[in-house]
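Numbering (the numbering used here), first residue to last: 12 to 229.
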Amino acid sequence: MVKFDRKEFPSLLLVVLMFVFGFALSGKFPSSVPTQWNVWGEIIGYGSSNEALFVIPLISLVTYVLLSLIPKIAVMKTNIELFLDYIYRIKAAVILFFFGLYLSSVLNSLGYEFNMSYYIIPSLAILLYYFGWIMQYSKRNFFIGIKTPWTLSDDRVWKNTHRIGSITLRINAALLLLALLFPSAILIIFTVPVILNFIFFWAFSYWEYRRLGLGKQA
């Protein structure tokens, strides 16, 4: 018998609630409702009521299943087990984001119109900040974290890169909130730090790898 871990309950409950809301509201929606928004929170696409009610719950369910599979299929199982409590937290945080996005889109479809960016931007900033905080506790693995050839090759490089990355991601999260004040610059505010972080992670992990004297030919 498969034992249910109580730490799964928050994530699973949110997924179930989305489907419950979807079936409860089925038939009460207009035939065409907003389903797509641009980065400024403006409606750019419409879809069927089923699309509005069930796409996000299905994405959430798939996300839940995939994150649940990580401990079972991971190569570095010992490291994953040491990080398992944080994987539960990551799962809950991602599903909570989808839950809020779902409620926001449903309310828009029911006529309670508001700019979706006022939900998406702060919630993404909070999610990114939380990921940054968790990152410092991650253990070397192939699924979650900063995966470069050098972080994956050595625990020390992984640890040091993620300690620095934890700080830069939280700074990025704070910068993302600027998009609320300067909505016209949201693409720059979001994409530039992501690109700079990507470059920095690769450069720093390589530098750390060399600093530790790894990779030198005998």
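From the three backbone atoms N, C-alpha and C, an ideal C-beta is built for every residue, glycine too.
Among the options, nearest to residue i - alpha-carbon criterion
i           : options               : result
residue 173 : 110, 162 and 34       : 162
residue 203 : 194, 183, 192 and 193 : 183
residue 106 : 33, 123, 188 and 78   : 78
residue 111 : 100, 67, 84 and 52    : 67
residue 230 : 169, 84, 117 and 53   : In this structure the chain extends from 12 to 229, so residue 230 is not present and cannot be described.
residue 123 : 129, 130 and 115      : 115
residue 187 : 18, 164 and 199       : 199
residue 32  : 195, 69 and 169       : 69
residue 209 : 196, 94, 176 and 192  : 176
residue 44  : 138, 220 and 58       : 58
Contacting residues, own chain, Cβ-Cβ under 8 Å from residue i (five flanking each side not counted)
i          : result
residue 40 : 60, 63, 64, 120 and 121
residue 97 : 145, 148 and 149
Span of the beta strand (DSSP E), counted from its first residue to its last, around residue i
i          : result
residue 45 : 44-48
residue 56 : 54-58
Where residue i falls, given that 16 or more other Cβ within 10 Å makes a residue buried
i           : result
residue 5   : Lying outside 12 to 229, the shown extent of the chain, residue 5 is not represented and no answer is given.
residue 171 : buried
residue 73  : exposed
Bounding residues of the alpha helix (DSSP H) (the contiguous stretch that carries residue i)
i           : result
residue 143 : 128-146
residue 29  : 20-36
residue 153 : From DSSP, residue 153 is part of no alpha helix (DSSP H); its letter is neither H nor E.
Close-in-space but distant-in-sequence residues of the same chain around residue i (CB under 7 Å, 5 per side omitted)
i           : result
residue 56  : 46 and 47
residue 215 : 172 and 175
Would the segment 97-104 and the segment 124-135 be scored as touching if the rule is three or more Cβ pairs under 8 Å? no
Would you say the segment 151-165 touches the segment 78-94, given that touching needs at least three Cβ pairs under 8 Å? yes
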